[in-house]
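Engineer: I have a structure here, written as structure tokens, and I will follow up with some questions on it.
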Amino acid sequence: MTNVAAPSTRTATIDNQSNLIWKIADLLRGNFKQYEYADVILPLTVMRRLDSVLAPTHDQVQERYLAFKDKLDNLDPVLTRASGQKFYNTSRLTFSDIAANTKDHALNLRAYIQGFSPNVRELFTDHFGFMTQVDRLDGADLLYTVLQGFSTVDLSPARVSNLEMGYVFEELIRKFNEQSNETAGEHFTPREVIRLMVNILFAGDEDALRVPGTVRTVYDPTAGTGGMLSIAKEHVREDISPTANIRLFGQELNPKSYAVCKSDLLIVGEDDGHIRLGNSLTQDGHSERQFDYMLSNPPFGVDWKNIQKAIDAEHELGFDGRFGAGTPRVSDGSLLFLQHLISKMKPEGSRIAIVLNGSPLFTGDAGSGESEIRRWILENDLLDALIALPDQLFYNTGISTYIWVLDNNKPEERRGKVHLINAAGLSRKMRKSLGDKRNEISPEQITEIVELYRATAQTDSSLVKVFDTTDFGYRKVTVERPLRLNYQASEERIHRMTDKKPLQKLPRETAAALAEGLLSMGEEIHRDRKAFELLLHGTLLKARVKLKTPELKAVLEALSERDETADIVLDKDGQPLPDPELRDTESVPLSEDVTTYFQREVQPYAPDAWINTDIRDHKDGLPGKVGYEISFTRYFYTYTPPRPLEAIQQDIRTLEAEIMTLLKDLNV
Numbered sequence: 007m008t009n010v011a012a013p014s015t016r017t018a019t020i021d022n023q024s025n026l027i028w029k030i031a032d033l034l035r036g037n038f039k040q041y042e043y044a045d046v047i048l049p050l051t052v053m054r055r056l057d058s059v060l061a062p063t064h065d066q067v068q069e070r071y072l073a074f075k076d077k078l079d080n081l082d083p084v085l086t087r088a089s090g091q092k093f094y095n096t097s098r099l100t101f102s103d104i105a106a107n108t109k110d111h112a113l114n115l116r117a118y119i120q121g122f123s124p125n126v127r128e129l130f131t132d133h134f135g136f137m138t139q140v141d142r143l144d145g146a147d148l149l150y151t152v153l154q155g156f157s158t159v160d161l162s163p164a165r166v167s168n169l170e171m172g173y174v175f176e177e178l179i180r181k182f183n184e185q186s187n188e189t190a191g192e193h194f195t196p197r198e199v200i201r202l203m204v205n206i207l208f209a210g211d212e213d214a215l216r217v218p219g220t221v222r223t224v225y226d227p228t229a230g231t232g233g234m235l236s237i238a239k240e241h242v243r244e245d246i247s248p249t250a251n252i253r254l255f256g257q258e259l260n261p262k263s264y265a266v267c268k269s270d271l272l273i274v275g276e277d278d279g280h281i282r283l284g285n286s287l288t289q290d291g292h293s294e295r296q297f298d299y300m301l302s303n304p305p306f307g308v309d310w311k312n313i314q315k316a317i318d319a320e321h322e323l324g325f326d327g328r329f330g331a332g333t334p335r336v337s338d339g340s341l342l343f344l345q346h347l348i349s350k351m352k353p354e355g356s357r358i359a360i361v362l363n364g365s366p367l368f369t370g371d372a373g374s375g376e377s378e379i380r381r382w383i384l385e386n387d388l389l390d391a392l393i394a395l396p397d398q399l400f401y402n403t404g405i406s407t408y409i410w411v412l413d414n415n416k417p418e419e420r421r422g423k424v425h426l427i428n429a430a431g432l433s434r435k436m437r438k439s440l441g442d443k444r445n446e447i448s449p450e451q452i453t454e455i456v457e458l459y460r461a462t463a464q465t466d467s468s469l470v471k472v473f474d475t476t477d478f479g480y481r482k483v484t485v486e487r488p489l490r491l492n493y494q495a496s497e498e499r500i501h502r503m504t505d506k507k508p509l510q511k512l513p514r515e516t517a518a519a520l521a522e523g524l525l526s527m528g529e530e531i532h533r534d535r536k537a538f539e540l541l542l543h544g545t546l547l548k549a550r551v552k553l554k555t556p557e558l559k560a561v562l563e564a565l566s567e568r569d570e571t572a573d574i575v576l577d578k579d580g581q582p583l584p585d586p587e588l589r590d591t592e593s594v595p596l597s598e599d600v601t602t603y604f605q606r607e608v609q610p611y612a613p614d615a616w617i618n619t620d621i622r623d624h625k626d627g628l629p630g631k632v633g634y635e636i637s638f639t640r641y642f643y644t645y646t647p648p649r650p651l652e653a654i655q656q657d658i659r660t661l662e663a664e665i666m667t668l669l670k671d672l673n674v
């Protein structure tokens with residue numbers, strides 16, 4: 007691949023070619039709906055690129071094809087050798103030939119597509135579904151015009167590098183998605199973000215990658231158009247070792263993105279069979295494989311309700327499946343992708359870099375699916391670093407994002423530690439916005455962030471904080487306060503009994519006798535429950551009213567009110583009953599003893615409080631539930647003192663003077 011000196015900066019070639027192709031899309035107006043433009047333009051862009059790549063060897067392929075077509079059952083080895091690629095086309099016509107002819111465009115184009123090798127032909131017939139579009143274009147008398155337009159676009163490797171071609175594909179898809187109002191979660195990863203991820207992913211492994219004969223695998227379960235995979239290989243080959251054997255694997259759900267990805271990797275000589283179509287969460291195309299390096303940018307905030315049944319079934323398998331740690335809320339499946347990647351880690355060591363939004367860092371209380379997933383990751387010392395990225399980096403969303411770096415074979419000096427890197431301020435404004443993308447990370451800033459990541463010193467700085475994995479954990483304990491009630495047989499409280507379901511079924515005579523008996527008790531307030539219960543039982547006997555236990559309980563509830571001065575209500579065993587309205591929780595750091603914390607932080611302010619020991623953690627059995635969360639804002643918060651009062655008063659006086667001057671001018 008061609009290396010670009012400043013990969014984060016769009017070249018004129020990218021803009022020119024994207025604009026030329028976008029203008030061709032305007033030809034479809036009226037005959038195609040806007041959301042259908044991509045069905046025509048993307049496959050033709052791929053076709054034009056493949057044709058340009060095959061152009062130098064077209065005559066050799068024709069010669070070999072004619073010489074062996076009746077002699078060999080399998081022509082693939084002969085024709086791929088002749089084309090110098092992992093694909094070929096046996097048609098005597100080129101794309102330009104078809105566009106130049108004045109008739110039979112549909113017939114020639116179909117024959118041309120059939121002339122591709124099977125691995126390319128299926129992209130157009132099965133995944134792009136392009137044969138249907140050929141018929142529509144031909145029926146609307148647009149096919150010739152569109153082909154003419156594409157024939158003027160130079161997509162040859164000499165004009166457009168593989169890296170630039172990737173940008174062109176992504177720019178076109180971005181524009182089509184904007185027109186179609188695609189969900190904000192479906193977006194592309196800017197190339198400078200990918201380069202940052204790739205640099206960090208391979209950081210520290212340079213010596214191993216330079217060993218002759220080294221073979222390493224790279225995997226992306228949300229491959230899109232293949233940008234992460236291509237840049238990962240390019241980085242290793244150009245910046246670390248030109249002889250390293252990097253094998254690329256991926257999976258993509260969207261058929262069109264999948265077709266673009268396969269064609270892009272075919273052009274650079276990759277094994278396109280390593281790219282699979284389907285949802286990696288439910289149809290793992292590489293279920294038997296593990297990988298050395300993994301990258302991903304899964305959809306942000308996209309729900310997984312439509313696959314919930316399959317995910318829950320695999321979760322029931324525990325760690326025999328991929329989702330044994332837990333499942334997040336159905337509104338965001340980001341942590342499912344993270345668990346999927348972790349399941350692909352090799353026992354001897356693998357590394358992961360994945361881009362997620364802020365939600366997976368802190369969403370979910372102790373005991374929730376999200377918290378349990380974070381707990382599993384941190385307790386197994388898999389999380390190496392978290393990097394906060396600048397906002398407004400992505401094309402279709404301006405939200406804050408984070409790179410999670412995971413490693414199951416950390417260097418000794420990083421074990422048990424997590425590095426938090428605040429790179430939110432390391433970006434530069436773009437000269438021209440692209441959708442929601444207004445910022446970019448320069449090559450120099452990428453280098454700075456990577457150096458911050460490489461640092462192993464345990465001292466904190468304004469941009470780096472180093473924590474023990476347990477620092478993010480806490481034990482959420484339930485604190486109870488005793489129930490204190492007073493009792494009174496007033497008319498108001500007796501009337502409340504009509505709202506109690508157990509009492510609503512009493513016979514009319516019984517209800518009347520009960521009310522009359524209670525009124526005879528007077529309106530004295532009683533703060534001792536036992537004394538009041540004895541008085542109540544005597545009243546019921548005198549009124550000859552017999553109540554069942556639920557009915558008697560309903561009477562006591564109706565006649566009671568909370569009263570801090572009342573005696574504590576005890577259960578049958580003489581233990582205080584908790585007051586649900588005073589129930590509270592305390593989050594105790596894992597590094598601190600719960601009892602010590604309770605005695606220091608709670609008892610001085612609530613001497614009658616106690617810890618509810620019935621609520622216990624499902625793993626260690628201790629009171630409270632263990633939770634994990636990571637708050638960047640808290641760890642990197644810098645206090646800014648308010649302005650002095652004198653300065654504020656001076657501003658007010660200045661404004662008052664300006665207002666008075668304006669009023670005087672109005673009166674003139």
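Sequential numbering from 7 applies to the sequence shown in this note's numbering. We treat Cβ as the ideally placed atom computed from N, Cα and C, and that holds for glycine.
1) Cα-Cα, which of L33, N114, D298 is closest to M351?
2) Quick check on the DSSP output: what are the complete alpha helix (DSSP H) runs of length 4 or more inside the region 350 to 436, in order along the chain?
3) Quick one: what's H532 bridged to in DSSP?
4) How many Å lie between T8 and F136 at the Cα?
5) Check whether the Cβ atoms of T195 and M234 lie closer than 9 Å to each other.
6) Can you tell me which of E522, E515, E497, A521 puts its alpha carbon nearest to the alpha carbon of E530?
7) Assess contact between the region 236 to 251 and the region 111 to 122, defined as three or more Cβ pairs (one per stretch) separated by less than 8 Å. Is contact present?
8) Between the region 332 to 350 and the region 375 to 385, do at least 3 Cβ pairs fall closer than 8 Å?
9) Could you give the first and the last residue of the continuous alpha helix (DSSP H) run that contains G145?
10) If you reduce the DSSP assignment to three classes, tell me which class E192 lands in.
11) From the DSSP output, in three-state form, read off W310 for me.
12) Let me know the secondary structure DSSP gives Q257 once reduced to three states.
13) Let me know the beta strand (DSSP E) ranges lying completely inside the region 576 to 650, each 3 residues or longer, listed in chain order.
14) On the DSSP bridge list, what partners appear for V485?
15) Report the option in H346, I360, N125, A663 whose CA atom is closest to the CA atom of A265.
16) Rounded to a whole number of angstroms, what is the C-alpha to C-alpha distance between G370 and Q510?
17) Roughly how many whole angstroms lie between the Cα atoms of G627 and N251?
18) For V224, which residues does DSSP report across the bridge?
19) Where D614 and V600 are concerned, what is the direct C-alpha to C-alpha distance, given to the nearest angstrom?
20) Output the distance between the C-alpha atoms of L512 and E522, rounded to the nearest integer angstrom.
21) For Y94, does the three-state DSSP call read helix, strand or coil?
22) Which two residues bound the contiguous alpha helix (DSSP H) that contains I246?
23) Quick one: grab the DSSP three-state call for E570.
24) Can you list, in chain order, the residues of its chain whose CB lies under 7 Å from that of F329, leaving out five sequence neighbours each side?
25) Let me check understanding here. Comparing Cα to Cα, which of T462, V470, T86, R487 lies closest to I273?
26) Please state if the CB of F638 and the CB of L388 are separated by a distance shorter than 9 Å.
27) Would DSSP call S102 helix, strand or coil?
28) Quick one: what's I281 bridged to in DSSP?
29) Can you give the beta carbon distance from S269 to V174, rounded, assuming they're within the 8 Å contact cut?
30) Measuring alpha carbon to alpha carbon, tell me which residue in A549, K438, P610, N428 is nearest Q4.
31) Quick one: what's got a C-beta closer than 7 Å to L153's C-beta in the same chain, skipping five residues either side?
32) Assuming Y401 contacts L367 under a Cβ cut-off of 8 Å, what Cβ separation, rounded to an integer in Å, is found between them?
33) Roughly how many whole angstroms lie between the Cα atoms of Q314 and D45?
34) Using CA atoms only, rank isn't needed, just tell me which of P261, S162, L161 is closest to I179.
35) Just the Cα atoms here: how many angstroms apart are L72 and L271?
Structural biologist: On the basis of the data shown:
1) In the sequence shown, residue 351 corresponds to position 345, counting from 1. Checked all of L33, N114, D298; the closest Cα to M351 is D298.
2) 365 to 368, 375 to 385
3) Indexing the sequence shown from 1 puts residue 532 at position 526. Note: H532 sits in a beta bridge opposite Y493.
4) Mapped onto the sequence shown, residue 8 falls at position 2. Mapped onto the sequence shown, residue 136 falls at position 130. Residue placement at T8 cannot be trusted, given a pLDDT of 33 that sits under 50; what the coordinates show is reported in the next sentence. Cα to Cα, T8 sits roughly 30 Å from F136.
5) Stepping through the sequence shown from its first residue, residue 195 is reached at position 189. Stepping through the sequence shown from its first residue, residue 234 is reached at position 228. Contact: yes.
6) Here residue 530 refers to the residue found at position 524 when the sequence shown is read from its first residue. Out of E522, E515, E497, A521, E497 has the C-alpha closest to the C-alpha of E530.
7) no
8) yes
9) Position 139 of the sequence shown holds residue 145. Element bounds for G145: 136 to 145.
10) Sequence index remark: in the sequence shown, residue 192 carries index 186 (1-based). Below a pLDDT of 50, predicted positions are generally treated as unreliable, and E192, at 49, falls in that range; no measurement from the model is reported.
11) For the purposes of this step, residue 310 is taken as residue 304 along the sequence shown, with counting starting at 1. W310: coil per DSSP, three-state reduction.
12) Residue numbering aside, residue 257 sits at position 251 when the sequence shown is read from its first letter. Reduced to three states, the DSSP call for Q257 is strand.
13) 590 to 595, 631 to 634
14) Counting from 1 along the sequence shown, the entry for residue 485 is found at position 479. Paired residues: D590, I617.
15) For this step, residue 265 is matched to residue 259 along the sequence shown. Answer by Cα proximity: N125.
16) Here residue 370 refers to the residue found at position 364 when the sequence shown is read from its first residue. Here residue 510 refers to the residue found at position 504 when the sequence shown is read from its first residue. The straight-line gap from Cα to Cα measures roughly 41 Å.
17) The count along the sequence shown starts at 1 and reaches residue 627 at position 621. The count along the sequence shown starts at 1 and reaches residue 251 at position 245. Spanning the two alpha carbons is a distance of roughly 49 Å.
18) For the purposes of this step, residue 224 is identified with residue 218 of the sequence shown, where counting begins at 1. Bridge partners of V224: L254, Y299.
19) On the sequence shown, residue 614 is found 608 positions in, with the first residue counted as 1. On the sequence shown, residue 600 is found 594 positions in, with the first residue counted as 1. Looking at the two C-alpha atoms, the distance is approximately 17 Å.
20) As a first step, residue 512 must be located in the sequence shown, where it is residue number 506. As a first step, residue 522 must be located in the sequence shown, where it is residue number 516. Distance between the alpha carbons of L512 and E522 is about 14 Å.
21) Reading the sequence shown from its first residue, position 88 is the one you call residue 94. In this structure, Y94 counts as coil in the three-state DSSP scheme.
22) The residue labelled residue 246 in the question sits at position 240 within the sequence shown. Here I246 belongs to no alpha helix (DSSP H), and DSSP marks it neither H nor E.
23) As a position in the sequence shown, residue 570 is number 564, starting the count at 1. E570: coil per DSSP, three-state reduction.
24) Position 323 of the sequence shown holds residue 329. Closer than 7 Å at Cβ, skipping near neighbours: I317, E320, H321, L342, Q345.
25) Residue numbering aside, residue 273 sits at position 267 when the sequence shown is read from its first letter. Checking every option, the nearest Cα to that of I273 belongs to T86.
26) Counted from its first residue, the sequence shown places residue 388 at position 382. Counted from its first residue, the sequence shown places residue 638 at position 632. Not a contact, by the Cβ cut-off of 9 Å.
27) In the sequence shown, counting from the first residue as 1, residue 102 sits at position 96. Three-state DSSP puts S102 in a helix.
28) As a first step, residue 281 must be located in the sequence shown, where it is residue number 275. Paired residue(s): G256.
29) Within the sequence shown, the letter at position 263 stands for residue 269. Within the sequence shown, the letter at position 168 stands for residue 174. Incorrect: roughly 13 Å between the Cβ atoms, too far for contact.
30) This structure cannot settle anything about residue 4, because the visible part of the chain is limited to 7 through 674.
31) For this step, residue 153 is matched to residue 147 along the sequence shown. Once the five neighbours on either side are set aside, the close Cβ partners of L153 are I104, A105, H111.
32) Counting from 1 along the sequence shown, the entry for residue 401 is found at position 395. Counting from 1 along the sequence shown, the entry for residue 367 is found at position 361. The Cβ separation is near 23 Å, so there is no contact.
33) Along the sequence shown, read from residue 1 onward, the residue named residue 314 stands at position 308. Along the sequence shown, read from residue 1 onward, the residue named residue 45 stands at position 39. One C-alpha to the other measures close to 30 Å.
34) Taking the first residue of the sequence shown as position 1, residue 179 is located at position 173. Nearest option by C-alpha distance: P261.
35) Numbered from 1 along the sequence shown, position 66 holds the residue referred to as residue 72. Numbered from 1 along the sequence shown, position 265 holds the residue referred to as residue 271. Cα to Cα, the separation comes out at about 28 Å.
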